[in-house]
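Residue numbers (this note's numbering): 303 to 534.
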């Protein structure tokens, strides 16, 4: 069986359809607001961003899609990440669900256009940063593990020159900007909870890498900040 066939199993294809088609449209499907232009813009950014980021990453690292597709099946994934990784994924889904419900029932008045423009720029920047990190890091797995089977090494180039976990940075800013863009104060509840889970996951992942990945401790001494430059 070819590498492509082993990667794109029926289960993975169904998951991709959910991530690429269903989830981006979730706020519209829940609210029934088919003229909700902000939600359409988010759906386009999400779908195009996902496809483009994976395509660009696969061009540089042909085996990265297989690594990410089989993430939750890997036996050497850290036990705590088998909880935190799905928790972060569910957090992003709940942001969209609550935003759709907020639109349906009119809980939150619309934010101003200038606020939405800023939120849009932050969301776009988050996707760009996440794509850059994915392209730069061949070992950007869906779960935390030391990838001895893939010759795991420390990555210090690209956005990893500035912070140690740029992929999480992109995700966090996107999650925090979404409630503004989709007019939902209530969506800040799952956004903040997801932020907390992300910070915990970053701390545990960073400690694991410093302990188990050769050269990472030295890298951490040069690139001091995990997520927030000047803070942490």
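Ideal Cβ positions, reconstructed from N, Cα and C, are used throughout, including at glycine.
Rounded to the nearest whole angstrom, the C-alpha separation of residue 449 and residue 319 is 27 Å. Under the DSSP assignment, residue 492 falls in the alpha helix (DSSP H) whose first and last residues are 490-514. A Cβ-Cβ distance of about 19 Å is found for the pair residue 401 and residue 500, leaving them out of contact under the 8 Å criterion. Taking C-beta atoms as the reference points, residue 446 and residue 379 count as a pair closer than 8 Å. Residue range 415-438 is occupied by the alpha helix (DSSP H) that includes residue 432.
The Cβ atoms of residue 417 and residue 492 do not sit closer than 8 Å to each other. With a 10 Å radius around the Cβ and a threshold of 16 neighbouring Cβ atoms, residue 516 comes out exposed. Between the region 421-437 and the region 401-412, the count of Cβ pairs shorter than 8 Å is below three; the stretches do not touch. Per DSSP, residue 369 is one residue of the alpha helix (DSSP H) stretching across 366-371. Contact between residue 432 and residue 469 holds: CB atoms are separated by about 5 Å, below the 8 Å threshold. Residue 328: member of the alpha helix (DSSP H) spanning 328-333, first to last residue.
Distances from the alpha-carbon of residue 522 to those of 393, 458 and 478 put 458 closest.
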